[in-house]
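Student: Right, I'll just put the structure down here and ask away after.
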Amino acid sequence: TNEGKNEAWISCFSSELQTIITLAFGIIVSRGSWVVIKSTDTALLGHVSAEALAASSISDLWTMSTGVFLNGGVLGVFVGQAIGAGNKSLASTWFSVSMFVLGLLTFPVMALWWLTGPVLVSMQYITVSHRGHP
411 TNEGKNEAWI SCFSSELQTI ITLAFGIIVS RGSWVVIKST DTALLGHVSA
461 EALAASSISD LWTMSTGVFL NGGVLGVFVG QAIGAGNKSL ASTWFSVSMF
511 VLGLLTFPVM ALWWLTGPVL VSMQYITVSH RGHP
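In terms of this note's numbering, the sequence shown opens at residue 411 and continues consecutively.
Encoded structure:
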């Protein structure tokens, strides 16, 4: 009957919605925590000086634009698809490939982050005398 189909659809929908909300909770907490950290940094550095706030903003821009290489998108997409298809062997292969590539990308990103101070100095956002001292 039509009423039975509606009840089954509502039951299935509510079950899926509950699963999505459960999975999203960790992401919401993580992203919310990041916003709190960045807001605290901005508030504290804003009281120190405009130069310290500008240097922090440029430093965040530098580290985020270079850190994007470490997001591991292959891991999330290909491994998830393989697991969804029930192919654990392929998921294992994609996981290994992803970890290898991310491992290789870690070294250049680490080097770029290590050079954050000299990059800020070259961009004239901080002077050598201010390194480590806002």
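Quick reminder that beta carbons are idealized off the backbone N, C-alpha and C, glycines included.
Which same chain residues, not among the five before or five after residue 417, have their C-beta less than 6 Å away from its C-beta?
Tutor: To locate residue 417, count along the sequence shown from 1; it is residue 7. Hits under 6 Å: none found.
Student: Just to confirm my understanding: we take residue 455, look at its own chain, exclude 5 residues before and 5 after, and list those with CB closer than 6 Å. What are they?
Tutor: Mapped onto the sequence shown, residue 455 falls at position 45. Same-chain partners within the cutoff: 462, 463, 466.
Student: Going along the chain, which residues of its own chain have a beta-carbon closer than 8 Å to the beta-carbon of residue 530, five neighbours each way excluded?
Tutor: Taking the first residue of the sequence shown as 1, we reach residue 530 at position 120. Once the five neighbours on either side are set aside, the close Cβ partners of residue 530 are 465, 468, 469, 472, 536.
Student: Assign residue 460 to one of two classes, buried (16 or more other C-beta atoms within 10 Å of its C-beta) or exposed (fewer than that).
Tutor: Here residue 460 is taken as the residue at index 50 of the sequence shown, counted from 1. Exposed, by the Cβ-count rule.
Student: For residue 467, is the beta carbon positioned less than 8 Å from some heavy atom of the ligand ADP?
Tutor: This structure lacks the ligand ADP; in fact it carries no ligand of any kind.
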